[in-house]
Each structure stands twice: as structure tokens, then as C-alpha cells.
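Please read the structure below before turning to the comments.
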Amino acid sequence: MKQGIRAEWYFLLGGLLLFGGAFLATQFLNRYLLYILVLMGIYSIATVSLNLTNGYAGLFSLGHAAFMAIGAYTSTLLTFPLALREAYELPMLPAFLGGPNFVWPFFPAICMGGVLASVAALLIGAPVLRLRGHYLSVASLGFVVIVTTLAKTMKGLTRGPMGISAIPSYTNIYWTYLWLLITVYVIWRIVNSRFGRAMMALREDETAAQVLGVYPMKYKLMSFVVGAFFAGVAGGLYAHFTKAIRPFEFSFFLTFQIVVMLILGGMGTTAGPIVGAVSLLTLRYALKPLEEHLKIYGLIEIIYAVLLIVVMLFKPEGLVGQKRGVKKITVGGKSSA
Amino acid sequence: MATILKVEGLWKNFGGLTAVSDYFLELPEGEIYGLIGPNGAGKTTVFNLISGVLKPSKGRILFQGIDITWFRPDQIAALGLTRTFQNLRLFPSLTVEMNLRIAYHTHARSGFLAALLSTPSFFREEKEIGQKVDRILELFEMSDFREEIASSLPYGWQRKLDIARALVCEPQVLLLDEPSAGMNTKEAEDLAVLIRRIHEEFRLTMMVVEHRMPFVMGLASRIQVLDYGSVIAFGTPEEIRNNQKVIEAYLGVGDLIA
Amino acid sequence: MFSWSYFLQQTMNGVILGCIYALLALGMTVVYGILRLINFAHGALITVGAFFVYFIFFRAGINLAASLLLVLGFGGLMGLLLDVIAYRKLRGGPEVALLITSLGFYTFVENFMKMVVSPQPYSFKTPAYLAVMYKTSLLTFRSIDVFIIVSSLLIMFIFNLFVKKTRMGIAMRATAENLEVAHLMGIEVNRVIALAFALGSAIAAFTGFLWGAKYGQIAYDMGFLTGVKAFVAVVVGGVGSIPGAMVGGFVLGLAEILSIAFLPTRFAEYRDGIVFGILILVLLLRPSGLMGVKEEVRV
Amino acid sequence: MLKVENLTVKYGVIPAVMNVSLTVGRGQIVAILGANGAGKTTTLKAIMGVLRPASGQISYQGEDITHMSPSNRVRKGIALVPEGRGIFNRLTVEENLLLGAYSRSGNDVIMKDLKEVYALFPRLEERKKQIAGTLSGGEQQMLALGRGLMSKPQLLLLDEPSLGLAPLVVRELYATISRIREQGVTILLVEQSAAVALGASDYAYVLESGSLKLSGKPEELKSLEDVKRVYLGG
Amino acid sequence: MKKWFVLGFVVLFLSVAFSVYAQEPIKIGVVMGLTGPWASIDTPATNGAKLAAEEINKAGGVLGRPIELKIVDTKADEGETVAAVIRLIENEKVSALVGYCDTHWVNIAAPLAREYGVTFVTPGATHPRIPERTGAWLACFGDNAQAAAIAEYAVKDLGLKKGAIWVDTAVDFSVAVCAYFADALKHYGGEVVYEDYFETNWTDFSSMVARLKEYQDKGEVDFVYVGAIPSNCGLIAKQLREGGVTVPMFGEDGFDTPLLVETGGEAAEGVVFATHMSLEDQTPIIQNFKNAYQAMFGTLPENAFAALGYDAIKVLAKAIELAGSDDPKKIPEGLAQIKGFEGVSGTISYEAGSQVPNKSVAVIEVKGGKFTTVKQIAPEYMPDPKLAK
């Protein structure tokens, strides 16, 4: 295991290379390809952060879309142009957030989105993380529906189901990859500290971890809250990228998409989530012209689904994942070698 | 010698079934006690109760004078009592080193921010953990397995890793649940030597559940025998071996059928 | 403030929706009980069933009774195929793989339908003798409403009878409780699981017909949310419990309808929120569900 | 009736049973004794086909069944009453019993056998509609036995039938086991409680740490000295 | 010598022949939700656009150049929409964009096109605040016009005053048209008894039906105005009638879909809705359009949106001609000059500064399963566009 200072330098070097790459991309690629690159970055942030909860801590949460929604709406409300607030019937900021003549800069607004997502994770996590296995998954899915419902009904803040458009388009390739770098760095640091080790221990065997002194709730919550922060960030970036958000965007489908990316790439690995996000999006945009040419709409999703089933059948641990000791349902004399 | 672990009138009911009834224990500091009994006598349940994995229906558990009856397992571990498991509960998909590093948890002090920023103090602590792990690996002659995935180790080594892991936790009292299960006689003998060595080197207090009699009799200074959830005998190995009640518990009452 | 007839009418609406959820939950709970699989593909069977009846009854003109028998058989076959093609191979793998595969199946079926049938909704005419209107001073209803309630209760009754009285049914419950011992008893576990899939899928496909006949429009994506809600019903009722699945279905159906009926109209937007709110509440207060057996945690 | 030759069973890489050979003659009660973890249960599971042997051969009525599926072994007349009884707690007593006859056909015969089982265990008949999970330990053991009998076995494998039962109940249980043998069923049982098992059996094997240590007629083992050594060391 | 002559002739011929085709085509991007809830209106609109492009190319193209449509399905997905707009402008270098029959999607796509300085024309998104917010041009009337037309028809022609309004809160368009309708109804002396809310993805409307029936039985309601999109209108009509509701039902241009009669069946009888034009009209331009459409796609135009898609391309072509260039910067100048353009969906003129054409509204009633025009209304009262969010 790489540990400490030297690995950090590699990280910095990687970051510089990444930014060099981003610069070259802005110089030589057209906006459509840049668009896809940014989208890959945003989905990677979401997938990498989900990996902390689902991959390392072993909690199969389906709540990521909810945190993305919270981040998206929060940052949007903070950065929305003063001039358009009235036209869109959105409120001015209250005094403690800067007052009616103030609009937040992009970076702190995104952070704030992440923070509020974390707060939500803390509130919902305390009861929901007590649940085990599929119950946790279903309850977190319920949380997504409830957040979507709130986004629909808190019309004064969210304009309800109609959503908010004309969001300033601050998200670009630099911001996205800066945040991706931060996300990967933070999660890498956590994984390589006692905090991450405690999470992995819980994933592997909760009782064993407990008798070694790990308090499950604390570290489950920590993974949930940190994961939620970066999900909120991804949501904020997404909002300032598509420039329009609606409650419906942050529903089952978004959650499932991210989960699928993670599992396809490989849970609990550093590269897995990014590989998953990049490969699925590449597939999608590479197939797009084919779909349009053949005029078979839905073809992408069908290929997507078949691919998913094939990967699950033949490499259930994901593209870059390693086989793990998992509990098995044994049928018929298979438990003995 | 001072009593480090004291259990008074411990009961545990599962539904209508009484698994442990009126169990007691006074474990002196620095001793190794054995806990034996036929299948289903409640030995593991006793360990589960002491380590906090299960909550008793009645009774009191004192560790270093602190009432830990209602503590969570992690709190008990933080006070210095940990255990191993009969059915091996390693962290199967992690490396040997990771298994051990995790166990240092209760002693690690560095904060979240320090970890994120990788501060010198964090770095120093990680190094300390590394040294501690090295020492234990050496002691267990497992240095070569450092990077191996735990579940890929040969079974005997997995057993040893389980004990090694508990030692990284630096407990004062260690409960070993069938440490030699699944080992052959030779391996078991080696393990006994190792346990004795650990006992001396770390000045540990231990309690061992075992079914391999020579193993436990050679190791423990006193043995408790459990049957139907209660203590039916307590004494030195020699006393236990010749105790009629114990023989009956194990072999059955001679004239029951015949 | 509300009249009796209003109350009765809304309750009936809730019961009908409840019947649909309960029928779907039935199949899901059996599969979940044995395999711990949230079978998202179950929702796809609603869609497939509805379109199957559409084509053989409305287009090919096969008579209704025969169509319904055929759709049951067709649904069962689909379930069987799913199990044999993919799920069986994955048994023993990580649970997540099974879950994701079922999601993959759902996505596949939905988009396949979209491609083959069209992304447009299809109108689904209620057969004339199921569309007869009855107006009384208390209730307005159609024969299809009666048909849904009667056929659902009948299916639930038969299903219960099957599970309680037949050799296969008892084997199914035994497998759900302890797969290994069931295997010891000489039960061909794989066959039991395949049967569970087949039965659940047959009922789901039939529910697709009820759905179409009741609401009059079917679409390639009709199954997803319904399927998810049916699983919510399973959890609310208590996983693995057959009576629980039915109770859960009715609780959800009634909650959905009555909340709209008796809350001020602006609360209509909370419809799905209420369903999932109930779910979270039940999970927190009574994790084993309304009718479920507490699951033992082994140490 | 049953012949096990050089049986070795491993869990992953760990051998649980090594080179065990034993024979059970028709109409006998044979006991396998040994302390916790000696490999008794593993041996039974291998005979039943739930575990696959790493090496060795199992033949039953002269036929090699080493690679036969458990359900086919059930059809051939082998039944296992598992350790801890393996009762389906959520099913009724009668349903549990009927599951024992799962692999058989012919409703009338099964109903007749059900009556016989009820005759053997009148208490089960009283409680046939009761949920099995609510039975007492002794009753559950009766139910497990009865369920095993419902498959009309010629060879009945019993795994620690006396586990967790009070002495009086154990005595009752063994009386029943003898009666079952009188009906022509061959029995291979695993017990930790040696005295009890020796009192009821025709022949006994003693396992220690996965290998055979002793075997002989109960009279020969009766002194218990060797057995005691295996159990308690010495 | 002769050889050279023949060769020269061939070269000349080829260069003339290619002069039409070898010319760079004028590319127009078409973004539509061909899959998803809006498919039943976006698909005919796309077909209409294809037909218009084909006709234009047969007649020699625009400015001597053929028109090439680049059609992208954006699947009712925000990310896909942004991606498609960027791709069409950046990669395909389209001169203008045409798209969507629903406001929400125009709200996302058009501002982006505006950033690039590319004109966006929507065939069927009717929110009158679209130009103000996004800079897009409408080929259709505004929602305030169609809402006012129905209010006028209900109160003045039928004498119905007490209305219930059903709003699909998930769709901007429905929220807007219902707000305009409430305003217009009050203007004409009517009264909004209550508003009820639903969402696009509902299938079961039984609880709302029972509530309406309760009001109806107490005699408190004369009619219901439903702001449903195509995939819901038939479903709602059917469930209303089968639930015992007998009061008249009114709708907007989302009802202009075959699904209304297919799904609604007998329940759709007597439903009255406002739309852009009636395909039943016997005018030659409509009949020609219907024939050409059928020849190309094997089916009659499904609804008015086919005509709107057709008109959007024709208007755009006309604008390019008027501007004399397909330079995206020049196209708005051409559009602004369009006056009295005879489209299939009616006469299109952009009055000074307005990007919403002044068109009359067709009020249609379902009679015997057919859409029959009962009236053409040029509303005398126009609700203020600002009333809607």
C-alpha cells in the first residue's frame, strides 16, 4: 500500500496532468466532445462518492439521487441571477445568506449544496442506517421519492414540478475535474485511514468489527454523510451544467444509473466507479448516431441492458473488481470443494 | 491477584429456551481459564454476553470494576476486552495487513481532518501502526502473508490471523472461542505453544473455549464446565478430568438406557 | 362534509388499486422469500401481459376466456425463462448481481417493448360485458370493477390454497424458510424456485390485463412504478409473508386513494411521497412489516 | 446396507473428515461418537450427499451413490434428521411431516404412513395444526424423527438426536428409536453423549479430529476408558 | 475536335446537374422527444418537418440549396437535450433549430441556442412567455389565446359558468394554460369552483373523478377544464365518464391527438378542446397537406402538430429566403419580415417585435369519433402572459 507523502506527490502530479489535459481539450475539442467529457466528470464524482457508501462501507444505498437533488437546488438558489429572480418568482437570499442584493460565487455555493446534502444524510441516516441489507436499500429509495415530492411541493423555493431554468452555466471542464480530483483525493485519504478501514471492516463483518472497537453507527453515518456531500456537489455541478432542473430528474432512474455505473465498474475499488461512469457514457454517446441512423429508438438502452446482464453473469464483481468472499446461497451440494 | 473480570448471576433466555442460567465467573488478572462443555451447553453464548454481542436477560458483568453489562461491544473493546470467534470472522476480502491495521482502531487517535490532510502526526501514527503490525506478524511468523487476501490463506493460518488481529487490539482480557477448531493435532500443539508465549509476552488474561481437551487442559490453570447453560464444575484440569458430573455431561449417564 | 356515497366510492377505488398491488406483491414476496431478490423484472411482466392480451384478444380476436388462460400461461413461461436464463446461474453469486440483473431485465423488456410496440401509449378497450355501468344512489361502478375485485380475491384464495394445501405449495414455503433442509427433504429446490417465478409472473401478466381493462390505456413503461410500489407493499406487509403481501397491497392502495380524497386538493402531489412515507415509517417502527415474522439475527 | 470407504471431506482446504471407513449392516443401529468438531456431522452430510467428498466412495445396497443427488438418495430410501432438527418453524406440524414424504407419490400410502407416525408419536397428532416453531425441544425432535420416517426410509441418519434434551426426554427418544428399528429401519446415528448411544447401538465408531480412533461393539467400548480418553484427554 | 466538344458538354452538364446538389445543403437541426410522454405530438411534428423539407428540396431548395434535417431524439431527458443542441450546433453546424411541442424542453434548448446566436423555432410549445425567456420563435399561438378561446366559448356560446379546473402540475404548459383559463373565465363572468391537481405519470384518476362527481351531484359544477398532455387526455375522459361524471369536458391543444378517441372511446364524445387547426377542414391547402403526408408516411396526419412541424420548416425556409442567407445571425431578420404567411395551420404573421404569431384558435368537438370544428375564435380578450409562471 502506498502511504503518506510520496503518494501525495503522485496525486499532485496526476492533478497537473489532468489540468494540462483539460486545457488541451478546451483548445482542440469541440463543445460537444467537451460536453461529454464534463458529463463524464460529473457522473464520476457521483459514482466515486457512492462508492464510499456502497463499495467501501457496504451499505447498499439507493438514495444518491436525493442528495444530488439537494445539492442541485441549494447551489442553484444561491447562484441564481438577481435580475431573473423576479421573473422566475424565486426568493431573494435572506440576510444570513448574504441578503437580497447578494449572489453567491460558484465555489462556495457548490460547497453549501454539499453541506446541506450532508445534513440531510445525517438526519435520515440516523434512523435508516439501522436497517439491514435490502431494507436499507428500499428505505433509501423511499427517501429519494420523498425528496422529489418535497421538491415538487416547496414551490416557493423550487418552482415545483416546473423546475428552474436559466441557471447560469458556470460548470466547465476545469471546475468539474477539480471537483473530481478533490472527491477522489478525499475518498482515497479516508479509505487509507482508520476511518476507511473501519468502514471496510463493517462491510466485511459487522460483529467482528464491533468486538474490535468499531462503533458501527458512527462509521456508517460518516460514509453516508461524506458520500452525500460529494453527491450534493455532483448535483450542483449538474444543475449549473444543464442549466435547468426539475424534481423528476432526480428520481429512481438517476439513482439506478449511478448504481449501475458503480457495479459495472466494480464496487470498492478506486478505479471502478470512474471506469463504470466513463464506459457507460462512452457507450451511450458512441451508439447515439447508430440509433438515429437506424431509427430504432431505445436501441441504446437495450444494448445497455444486455451488456449489464452479460457482465453480471460472467463478471459479477464488475469490470475492474476483484472476486471477494461473499456469502452465498448454496443450492445442492456445492458448499464443499 | 486482582479479579479483572467478574460475572454475577448471568441469565440468557431465547424465547422460551434458557441458554445460560446463573453463570458466574471471577477471572483473576494474568490467568488463563478454560470453558468446556458438550455441544449446545451455552459456551459461545457466555462469550457473546461478556463481549456485549448479546445482552443478558439478567445479571451483571464487571470489567476492572466497571459495570459493562449494557455496554456495546465496541465500548467493551475500547476498555480492553476483545474476543475471537468459533466460526472465524475475519475480514475475508481484505489483506492480512488490513485485517490487522483495522484492529488498532481503539488506540488510533488521529482526527478526520488530519487524515484528510495527511498531517505529520497522522503519518507518524500510521507508521506506528505499521510497526505494531510488523511485530505481531513476526511473532506469528506470518510476515510472508502480509499482502495475501485473508480468505485465501490456508485455514490454520486464518485461525492464527484471527488471534493476531485480536492482539493488535492490545486487550487486557482476550476471549478465545475454539481457537484450534479445524486444525490437525500438530497445528493445534503449535498453537498452544504460541498462545502460551503470547500470554507471557503480553501479560494477557485469557479465557478459552475449547473442545480439544488436551489443548485446553494443557493451557488453562482452572477450567469451568458448562452443561445446560450452568456451571457444573470448576477446578484444575486434573480435578475436572475425574469429576463424575463432567464425565456424565460428556459421555452421558451410564445406566440411562442399558 | 363528505357524503356516505363519496366515502364508499373512494374506498372502492382504493380497494381496486389495492387488488392490483396485492396481486403483484404476491409473486414478489414468494421470490423474495426464497432468493432475497427484489425482482424489478416483475414490473415488466405487467407490461408484457397487457400487450399480450391486447394483441391476441383485440387484434387476433381470440375469445376473452381463452385469452386470459393464454396470458397466464405466457406470463408463467416468461417467468420461467427469466429464471432459467439468468437468475439460476447467478444464485450463489453476490446478491447485488442478482438485483442488478433484474434491473437489467426490466430495462431490456421496457425498451424492447418500446421498439417493437411503439413509444406511444395504446388504448385498451374494455370488453363490452366488462364495461357495463351500474349506477346506484351510493356507488357508480362498472362490471370490470367487480371483475377485478372478484378475480383478485379468487386468485389470492387459490394461491393461498395452493401454498397451504398442495405438496408443491408446502415445499415452496419450506424452501423459503430453510433452503438447505428443504433440499435434504428431497425437494428439488431449483424446480420450486422456477415455479415461484412462473406463478408470480403469470399473476403479474394477468394483472396487466386487469390494469388495461380498468384504465383503458397501456404503455411500454407502465410496469416500473407499479412494480416498485408492489415491492413497497411487500415490505410494508412483511417480506416473505403471503398474507402480508395482500395486506400491504391494500394498505397502499387505500392510502393512495384516500389521501387524495380527504386531504385538500393541493396534497395530490404527495401521492407517491405518502406511499414511501408509509414505507419508511413501517420500516422504522416495525422492521419486519405489518404481518411479518421477525428475522433472526445469527451471531 | 451402507459402506463408506476412505471418505475425505474438505471445507475449502480444511479437511473435516479424513479417510473414514465404516459399514452399517441391515437392521442395525450404528453410532458414530466423538467430541465437538470431530467430523461426525460432516460424515452424515456426505452420506446424504449434501456435501461432496473430496475422495472416497459411498455405496448403498451395493450401489455406488458417491455422486448421486440428495433428492435421489431420498428416493432410494436414505433420510437424514439434521442436527438442531431443521424443523420448518413457520409450517404446521402436519405440513412438516408431509414434507418428509415429498419425494414419494401415492396419496393413500402417505396418509397411511402419516397415521403410523402419529401412532408412534401421539403427541404430534394432538398438535398437528400447531405451528412447529411453538413446540418444545423434545416435541421438535419427535417431529424431526417423524418427518424423517415419512420418507419411508430404509436407512435413517440421525444427527445428535439427544442434543439439548433433558435426560428423561432422551430416554423416551431412544425408546422410540429402538421401536423404529424394530419396524425394519436401519439407523446410523451421531452422538456426543456416548453412554446413551452405546446403550442403544449394535456397533459404534469413535471419531477424533476427523479420523477414526476406535470402533467396536458397545460391550467392547463399554468400559469407556478409551472413549473417555478421546473425549477428555488423558 | 468533336471529342473535345462531347467531353466539354459532359463536363458542363455534370457541373450544372451538380450545381443544385453539390451545393452545401442548408442544415436545420430538429430536436424532439420522439420517445417519452410527448412522443404522440412530437412525432407527427417531426414527420411534418420531414415532409416540408422534402417538398422544398423537390422544388429546388432554398437559395438554390437543398435543406437537410438533422433529427435528434432527446428522450424527454434534460441532459440529452443539452447534448443534442450542442452537438447540432458544434458538430453539424446547423443554421437554425426547430423543436418540441412542449414548453419545458424549449426552456432548456432555446437559451442554449441563443448563446450561440442560433435561431430556435418551436412548432408547438405554446407558453407565451417563451420569447421573453428564451428568445425562441413560436410557429403556434400562445396558451393565453387558446385558454381565452375556450373560456369565451364556454361562457358565451354554452352559458356554462361554474368550472372545475384540473391541472397537471408536472407540466409547465398545463400550469400556464390553466392559469390563463382561470383568468379568462373570470373575465367572462364565470367562476372557478375548485382546482384539482394531478401529475403526468398517473394512470389512476379515480379519486379525482369521485370528487368531481360529488360536486356535480350537488349541482355546484357546470363543466371541467382539463390541462392534460396527450398521453393522459383519453385516459381522463374515459375515467371521468365511467365514473359517472356527465358535465361537459374542455381541453387544450394537448387533446389534439388520436389517443383521445382511441383511449377515450365513447367517453370522448362531446369533449371540446382548442387547437391550432382542424384537419377536417376542406380548404385545398389542408387537403393537399393530408394527401402528401399520407403518401410519405402511409398514414393521415395524426393531429395539428404535424401541420405545425410542417409550417415551422416552411416559415424558416421562407425566412432564409427573405434574409438571403442561411447565416444564423441573419435568420431572425428574415423571420421578422414574415407577414401573412399561409401555413397549413393558419396564417402566420409576426407583428412588430412579437415572436408569437397572431393566429386564430380552432374549437373542436368530438362528434361520432371525429374531430369537428365548431368554431374558429380570434379571442377578444387576451390574458396577460405574465399571469403564468
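Protein chains in written order, with the numbering used here: chain A, 1 to 337; chain B, 1001 to 1258; chain C, 2001 to 2299; chain D, 3001 to 3234; chain E, 4001 to 4389.
For each residue, glycine too, the CB sits at the ideal point set by N, CA and C.
It should be emphasised that the depicted structure is a prediction, and the values quoted were computed from it without experimental measurement.
Where residue i falls, given that 16 or more other Cβ within 10 Å makes a residue buried
i: W4038/E; result: buried
i: T79/A; result: buried
i: I1066/B; result: exposed
i: Y2134/C; result: exposed
i: V2150/C; result: exposed
i: H293/A; result: exposed
i: H4276/E; result: buried
Limits of the alpha helix (DSSP H) - the one that residue i falls within
i: N3279/D; result: With chain D running from 3001 to 3234 in the structure shown, residue 3279/D is simply not present.
i: N4291/E; result: P4284 to F4297
i: Q2010/C; result: W2004 to L2035
i: D1177/B; result: Careful: D1177/B lies outside any alpha helix (DSSP H), inside the beta strand (DSSP E) at V1173 to D1177.
i: T4203/E; result: No alpha helix (DSSP H) contains T4203/E, which DSSP labels as neither H nor E.
CA-to-CA distance, residue j to residue i, given in whole angstroms
i: L1023/B; j: K3228/D; result: The question names Leu, yet the displayed sequence has Tyr at residue 1023/B. About 26 angstroms.
i: P3015/D; j: T3008/D; result: 7 angstroms
i: T153/A; j: E4080/E; result: 26 angstroms
i: G332/A; j: V3050/D; result: Residue confidence is low: G332/A scores 32 on pLDDT, short of 50, so the model does not pin down where it sits. No coordinate-derived value is stated.
i: M199/A; j: L18/A; result: 29 angstroms
i: Q3183/D; j: N1243/B; result: 40 angstroms
i: S3178/D; j: M2078/C; result: 51 angstroms
i: Y4180/E; j: A4388/E; result: 7 angstroms
i: N4303/E; j: K4386/E; result: 29 angstroms
i: Y2006/C; j: A2205/C; result: 32 angstroms
i: S3136/D; j: V1020/B; result: 17 angstroms
i: V326/A; j: G3027/D; result: Residue placement at V326/A cannot be trusted, given a pLDDT of 40 that sits under 50; the coordinates are not used to answer.
Reference residue i; option with closest CA among the options
i: G2076/C; options: L2103/C, P2094/C, I2046/C and G2093/C; result: I2046/C
i: F2209/C; options: A2022/C, L2068/C and R2088/C; result: L2068/C
i: F107/A; options: F256/A, F224/A, Y170/A and N51/A; result: Y170/A
i: H1105/B; options: R194/A, L50/A and V275/A; result: R194/A
i: D4222/E; options: G4264/E, K4162/E, N4201/E and E4242/E; result: K4162/E
i: A95/A; options: W104/A, A87/A and E89/A; result: W104/A
i: K2229/C; options: R2266/C, N2013/C, Q2009/C and L2026/C; result: L2026/C
i: A46/A; options: M92/A, L308/A and L262/A; result: L262/A
i: F2055/C; options: S2123/C, L2139/C and M2291/C; result: S2123/C
i: T4046/E; options: S4349/E, G4324/E, E4321/E and Y4293/E; result: Y4293/E
i: E4078/E; options: A166/A, T53/A, E8/A and S279/A; result: A166/A
i: L2098/C; options: V2109/C, R2173/C, D2083/C and F2112/C; result: D2083/C
i: A2196/C; options: L2017/C, R2036/C and Q2010/C; result: R2036/C
Host beta strand (DSSP E) of residue i (start-end)
i: N3006/D; result: L3002 to Y3011
i: M2133/C; result: M2133 to K2135
i: V1208/B; result: T1205 to V1209
i: N1013/B; result: T1003 to F1014
i: F4341/E; result: F4341 to G4343
Which runs of the alpha helix (DSSP H) spanning at least 4 residues fall entirely within the stretch 1052-1118 of chain B, listed in chain order?
1073-1079, 1096-1103 and 1112-1117
Whole alpha helix (DSSP H) elements within the stretch 4122-4165 of chain E, 4-residue minimum
4130-4134 and 4143-4152
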